[in-house]
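Since the structure comes first, as structure tokens, the remarks are kept for the end.
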Amino acid sequence: ARGALAAQLSLALPMRFFVARRTVGAGVSSLFGRVLLSASLVGSATFLAVLPLSLALVLGVTSSVCASMIIYILPALVDLKFRVDDPLIPRSLRLAGSAVSLLVGLFVMIGGLAGNFLGIAVGGR
5 ARGALAAQLS
15 LALPMRFFVA
25 RRTVGAGVSS
35 LFGRVLLSAS
45 LVGSATFLAV
55 LPLSLALVLG
65 VTSSVCASMI
75 IYILPALVDL
85 KFRVDDPLIP
95 RSLRLAGSAV
105 SLLVGLFVMI
115 GGLAGNFLGI
125 AVGGR
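Going by this note's numbering, the sequence shown opens with residue 5, and the numbers climb by one from there.
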């Protein structure tokens with residue numbers, strides 16, 4: 005198990021940091037800028053990893069953000085951005101639906117984060 009964990013950390017994490025660096029610093033082209041951005045990413049990840057947080061809080065916050073983004077927020081933002089006309093649904097109704105989905109997603113995310121940070125969303129207590 006330790007060997008598999010060491011292999012995963014050695015092979016997968018550099019790929020994740022590469023993707024994160026490309027996403028966050030798309031306009032950074034100099035070697036110094038890329039090294040500085042990589043060091044910032046690794047340093048911030050290390051800082052967050054050493055904080056004495058419970059696993060329930062970490063998973064709850066991650067779930068609150070990711071679930072609301074995937075289910076509600078990102079589809080609404082894509083629909084509002086591209087505004088593809090659909091012959092079956094009137095444009096105003098579709099925009100209203102996307103706006104409602106966006107607002108519901110923000111409500112769910114903020115509520116989930118508040119519940120996790122206040123300790124009321126953690127079961128088994």
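From the three backbone atoms N, C-alpha and C, an ideal C-beta is built for every residue, glycine too. This structure is a prediction, so every number in the text was calculated from the model and none was measured.
Residue 110 and residue 17 have their C-alpha atoms roughly 30 Å apart. Taking all protein chains in view, the Cβ of residue 77 is crowded by 16 or more other Cβ atoms within 10 Å, so the residue is classified as buried. Burial check for residue 64: the Cβ neighbour count within 10 Å reaches 16 or more, so the residue is buried. Contact check for residue 120 against residue 61 passes: the beta carbons are separated by less than 8 Å. In summary, residue 96 is exposed, with fewer than 16 beta-carbon neighbours lying within 10 Å of its beta-carbon over all protein chains present. By alpha-carbon distance to residue 23, the top candidate from 9, 38, 91, 10 is 38. For residue 31, no alpha helix (DSSP H) run applies, since DSSP gives it neither H nor E. Distances from the CA of residue 113 to each of 69, 98, 84, 26 were compared; the closest alpha carbon is that of 69.
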